[in-house]
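What follows is one structure encoded as structure tokens, with my remarks underneath.
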Amino acid sequence: MKRDFESILDECLQQLHSGQADLETCLARYPEQAAALRPLLQTASLLRAVPVPRPSPAAKAAGRQQLLLAVARRRQAQAQAPFAFLRSWGQSVAAGLSWLLAPPKPARALAWAVAILLLLVVSGAGVVGVAARSSLDSPLYPVRLVSEQVQLFLTLDAEAKVRLQVNLAQQHLAEIEALRQQGRLDSGVAGRAEALLADQERALQQAKTITGVSTDVQEEIQAVLEAVRSERQTVQQVMLLTPTPRPSLPPKGPTATLTPSEIAKPLPTPKPAEPTATLQPVEPTATPPWAPFGVPTVVPRPTGQVDVTPTPITPTVLPPTPPPSAPTATPPFAPPTVAPTVPPTSPPPTATPLPPTATPVPANPVASNLHMSSSAGGGPVGSFPAGTGTVYAVFDYSNFTGQKIGLRVHDPQGQKIFDSGLQPYQGSGTQSFAVSAPSGGFPAGRYLTVLYGGEFAGTITSIFWQVEAVSPTPAPKSGGLLVLWVWLLCPACIG
Amino acid sequence: MGEKASAGQDDKFSPANAALGRACENLSDGELIRRAQAYDSAAFAEIYDCHYEGIYTYIYCRVNNTHVAEDLAAEAFLRALEGIGSFQFRGVPIVAWLYRIASNLVNDYFRAQARQDVVPLQDELLPTASNPSDIVEQQFTYRRLQESLRELTDEQRQVVLLRFVQGLDIKEIAYIMGKPEGAIKSLQHRALSTMGRFLGKDSDEAGL
């Protein structure tokens with residue numbers, strides 16, 4: 000009987016929740032249980048109406064970014080699985096060498112001979128030599144990593160080993176940076192680069208602990224370690240900004256009709272004086288342009304310190320008009336009138352391919368130097384005076400080819416008070432958004448500006464800034480007015 | 000996607016009956032899981048966007064600490080990523096699986112904290128609304144809910160949160176808590192009875 004009542008209760012709850020019936024309808028269906036059902040259903044209705052807390056946008060964005068980065072790493076690890084045998088082979092080689100380098104025994108002499116012969120054969124075949132020159136996006140790259148491990152293992156002197164480690168890390172850094180600037184860091188290569196940099200970071204940290212190394216080498220380790228960390232952060236951002244390859248998707252219409260040379264050429268735009276056309280290209284920065292991952296930059300700091308990038312912007316690169324939303328040269332944003340300009344008799348794209356070197360490869364997009372300012376071209380401002388009505392959110396972008404980013408601002412309560420929406424960017428430059436207070440100036444408190452973008456609109460970077468509280472009105476003024484009024488009404492009352 | 004990511008964030012509070020756990024019913028779980036098992040970023044982004052708020056709210060209502068809830072909610076999705084490879088879609092909705100992960104995380108958290116799963120009142124954690132009268136109303140209602148939740152056992156409280164705040168059904172809650180459906184119905188009945196008595200008494204004392 001009890002179980003029956005619980006089933007009836009759940010049935011009524013389900014109907015109330017789905018809107019199939021109201022309270023009285025449910026009770027009318029079960030008149031015998033109505034008296035017992037009524038208070039329970041009323042409590043349930045109250046529960047459903049109670050407001051529940053929502054997460055802060057910053058925390059949600061940070062968690063999202065963390066998750067998508069972890070997904071990218073997993074995908075990369077999965078893609079590298081075919082090379083796993085090479086890693087195990089490398090470990091086997093290292094284990095074998097350990098055995099060979101152990102105190103001599105008669106059996107090892109023969110093993111040494113075989114090992115040297117093997118090494119000569121492999122070297123003679125040139126595989127290792129070719130692999131040593133292979134880049135990160137080459138299938139032979141894992142072979143190169145194995146040969147580097149062997150090289151490190153065979154270097155017995157501690158300082159020489161550390162120097163070799165530093166040199167190898169510098170080589171990898173330079174190659175990854177070059178790939179990034181050439182726009183060759185797609186999601187797969189970027190993941191491989193990130194994993195490699197993580198290995199280098201671990202190796203350098205280990206190298207720091209080795210004693211008996213000269214001071215200049217230690218300083219060099221530290222410098223390279225910082226460079227590796229910076230590059231790793233940049234590569235992580237590239238992993239988020241670079242779309243996942245989806246070969247199953249059909250190509251978009253108009254772009255399929257363009258030849259490679261037409262794709263390379265800027266297409267005519269409706270607005271001849273486009274802001275991005277006048278911008279000077281920004282050189283790739285050596286400093287990390289992105290906020291580090293894993294560091295909760297979007298979480299308010301207890302100290303109240305405002306995190307603003309101190310790098311000043313150059314006023315000459317500011318666009319004369321605010322929204323850079325108009326597309327320029329990228330095929331996906333080309334006007335529909337472009338396709339008919341291709342003569343019908345022209346050969347298909349595959350018939351006249353240009354050599355790969357003829358197509359300019361864009362470098363990876365970078366957005367950086369997010370800061371707040373009191374004017375469109377002004378420098379960073381971390382704290383605005385009470386009563387400020389308009390502030391400006393400013394950031395630099397470079398190497399964009401239509402990737403979309405957006406900017407939003409949250410007030411001290413976490414409410415979104417400004418959102419530019421995702422807009423496509425072209426080339427390099429500086430973007431400035433005016434953010435106005437609803438009325439009477441911004442309320443005092445701590446505000447958050449978030450630059451978001453990429454395939455999944457994750458947080459790129461964020462900063463906190465402050466609006467100061469209104470200082471209390473000095474009391475003597477009102478007191479003086481009161482005295483004046485009293486004196487006017489009753490001069491005898493004063494003095 | 001950007002708009003999607005920020006959608007629904009304009010309000011700090013939403014009615015519980017918005018059924019947080021049912022945010023994206025139009026998604027096909029089987030297809031979504033297949034894509035997620037191939038580590039498709041878009042699939043995980045969909046899962047996160049659809050279920051983050053529900054998972055966060057569930058955890059927050061149990062731990063009543065914003066920072067802990069944020070950390071555990073983020074961790075829940077990372078655990079989901081770790082476990083997606085071995086997840087077998089046999090009619091169990093992905094939302095139930097996610098809540099099960101979140102539930103286990105909260106249990107682990109409480110075990111690590113070596114304290115009871117109580118819901119303390121912390122006024123400073125209550126989100127603020129824009130209108131002062133709304134703030135008072137929200138605080139009053141939320142306080143009554145919290146106080147009545149204190150009267151429940153941990154299992155009863157979980158059922159209430161999953162059923163009435165997250166909008167899940169009995170079958171899903173049974174999967175999350177690892178109990179038969181009949182047991183969940185009993186827990187639901189007892190929880191509503193206890194809360195009804197408490198809230199009724201509270202109203203009488205307040206002269207409402």
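First to last, the sequence lines map onto chains A and B. Quick note: the first sequence uses numbering that gives the first Met the number 0, first residue 0, plus one each step. Quick note: the second sequence uses numbering that gives the first Met the number 0, first residue 0, plus one each step. Even for Gly, the Cβ is constructed at its ideal location relative to N, Cα and C.
The region 51-81 of chain A: positions lying closer than 8 Å to chain B by Cβ = Correct list: V51, P52, R53, P54, S55, P56, A58, K59, A60, A61, G62, R63, Q65, L66, L67, A69, V70, A71, R73, R74 and Q77.
key: Proximity to E147(A) [Cα-Cα], best of A35(A), R37(A), L135(A) and L163(A)   = Closest by alpha carbon: L163(A).
ask   = In chain order, what residues of the region 40-65 of chain B put their CB closer than 8 Å to some CB of chain A?
value = Closer than 8 Å at the C-beta level to chain A, one finds these residues of the region 40-65 of chain B: S40, A41, F43, A44, Y47, D48, Y51, E52, Y55, T56, Y59, C60 and T65.
query = Residues of chain B with a CB under 7 Å from the CB of A43(A): which are they?
reply = Those are F163 and L191, listed as they occur along chain B.
task = Return no unless some Cβ of chain B is closer than 7 Å to the Cβ of L369(A).
result = For L369(A), the nearest beta carbon of chain B is not closer than 7 Å to its own beta carbon.
query = So which residues of chain A does R169(B) contact, with C-beta pairs closer than 8 Å?
reply = Reading off the sequence shown, one finds Ile at residue 169(B), where the question assumed Arg. Chain A residues near I169(B): D9.
request  = Could you round the C-beta distance between D185(A) and Q187(B) to whole angstroms and report it? I think they count as a contact, below 8 Å.
outcome  = Actually they are not in contact, since the Cβ atoms of D185(A) and Q187(B) sit about 51 Å apart, beyond 8 Å.
ask   = Shortest alpha-carbon distance to K59(A) belongs to which of E150(B), F76(B), Q157(B) and R34(B)?
value = Comparing C-alpha distances from K59(A) to each of E150(B), F76(B), Q157(B) and R34(B) shows the shortest one belongs to F76(B).
task = Mind checking the region 67-81 of chain B against chain A and listing, in chain order, the residues whose C-beta falls within less than 7 Å of any C-beta there?
result = Listed by position, the residues of the region 67-81 of chain B near chain A (Cβ gap below 7 Å) are E69, A72, A73, F76, L77 and L80.
ask   = Which one of Q181(A), Q169(A) and G190(A) has the shortest CA to CA distance from A202(A)?
value = Checking every option, the nearest Cα to that of A202(A) belongs to Q169(A).
ask   = Leaving out the 5 sequence neighbours to the left and right, which residues in its chain are closer than 7 Å to L39(A) when beta-carbon positions are compared?
value = Cβ-Cβ distances below 7 Å link L39(A) to L8 in the same chain, with the five nearest sequence neighbours on each side left out; the list follows chain order.
query = Name the DSSP beta bridge partners of W464(A), please?
reply = Within the DSSP secondary-structure output, W464(A) pairs in a beta bridge with Y446(A).
query = Do you know how far the Cα of L172(A) is from the Cα of Q150(A)?
reply = As the crow flies, the alpha-carbon of Q150(A) is around 19 Å from that of L172(A).
ask   = Mind checking H66(B): buried by the 16 CB within 10 Å criterion, or exposed?
value = Exposed, by the Cβ-count rule.
request  = Give the straight-line distance between the Cα atoms of S192(B) and L148(B), rounded to the nearest whole angstrom.
outcome  = So the alpha carbons of these two residues sit roughly 12 Å apart.
query = Who are the Cβ neighbours of I175(B) in its own chain at under 6 Å, not counting the five residues just before and after it?
reply = Annotation for I175(B): A95, Y98, R99 and S102 place their beta carbon closer than 6 Å to its own, counting only its chain and skipping 5 residues before and after.
task = With DSSP as the reference, label A433(A) as helix, strand or coil.
result = DSSP, read as helix, strand or coil, puts A433(A) in strand.
ask   = Can a CB atom of chain B be found closer than 7 Å to the CB of E31(A)?
value = So no, E31(A) is outside the interface.
task = Tell whether a beta-carbon distance below 7 Å holds between A41(B) and I83(B).
result = No, they are not a contact pair.
key: Per-residue burial, D215(A) [other beta carbons within 10 Å of its own, 16 or more giving buried]   = Note on D215(A): under 16 other CB atoms within 10 angstroms of its CB, so exposed under the neighbour-count rule.
ask   = Where F139(B) and E81(B) are concerned, what is the direct C-alpha to C-alpha distance, given to the nearest angstrom?
value = If you take the alpha carbons of F139(B) and E81(B), they lie about 40 Å apart.
Where K160(A) falls: helix, strand or coil (DSSP) = Three-state DSSP puts K160(A) in a helix.
K415(A), enclosing alpha helix (DSSP H) - first and last residue = Element bounds for K415(A): not the alpha helix (DSSP H) but the beta strand (DSSP E), K415 to D418.
Beta-carbon proximity list for K160(B), same chain, < 6 Å, skipping 5 on both sides = Note that residue 160(B) corresponds to Leu in the displayed sequence, not to Lys. In chain order, Y57 and C60 place their CB closer than 6 Å to the CB of L160(B), counting only its own chain and leaving out the 5 sequence neighbours on each side.
ask   = Hey, is the region 362-378 of chain A in contact with the region 409-418 of chain A, meaning 3+ C-beta pairs nearer than 8 Å?
value = A contact between stretches requires three or more CB pairs, one per stretch, nearer than 8 Å, and the region 362-378 of chain A fails this requirement with the region 409-418 of chain A.
message = Going by the DSSP bridge assignment, what does Q425(A) pair with across the sheet?
response = Q425(A) pairs with T400(A).
ask   = Over what stretch of residues does the alpha helix (DSSP H) that includes L153(A) continue unbroken?
value = Unbroken alpha helix (DSSP H) run through L153(A): Y140 to L153.
message = I need the straight-line Cα distance from F197(B) to T152(B), nearest angstrom please.
response = A straight line joining the alpha-carbon of F197(B) with that of T152(B) spans about 14 Å.
key: Per-residue DSSP class, three states only, for S373(A)   = Three-state DSSP puts S373(A) in coil, outside helix and strand.
query = Ordered along the chain, which non-local residues of its own chain (more than five positions away) have a Cβ less than 7 Å from that of Y424(A)?
reply = The answer, listed in chain order, is P323, Y396, F399, Q402 and I404.
ask   = Just curious, the alpha helix (DSSP H) that V62(B) is in, first and last residue?
value = From DSSP, the alpha helix (DSSP H) with V62(B) extends over S40 to V62.
Rounded straight-line distance, which links the Cα of V449(A) to that of Q19(A) = Q19(A) and V449(A): Cα-Cα distance of roughly 43 Å.
task = Return yes when the Cβ of A189(A) is within less than 7 Å of the Cβ of V227(A), no when it is not.
result = Taking 7 Å as the Cβ cut-off, V227(A) and A189(A) do not qualify as a contacting pair.
inquiry  = So for R407(A), helix, strand or coil by DSSP?
reply    = Shown here, R407(A) sits in a strand according to DSSP, grouped into three states.
query = Do the CB positions of I220(A) and V165(A) come within less than 7 Å of each other?
reply = Yes.
C-beta atoms of F463(A) and R445(A) nearer than 7 Å = Note that the C-beta distance between F463(A) and R445(A) is below 7 Å.
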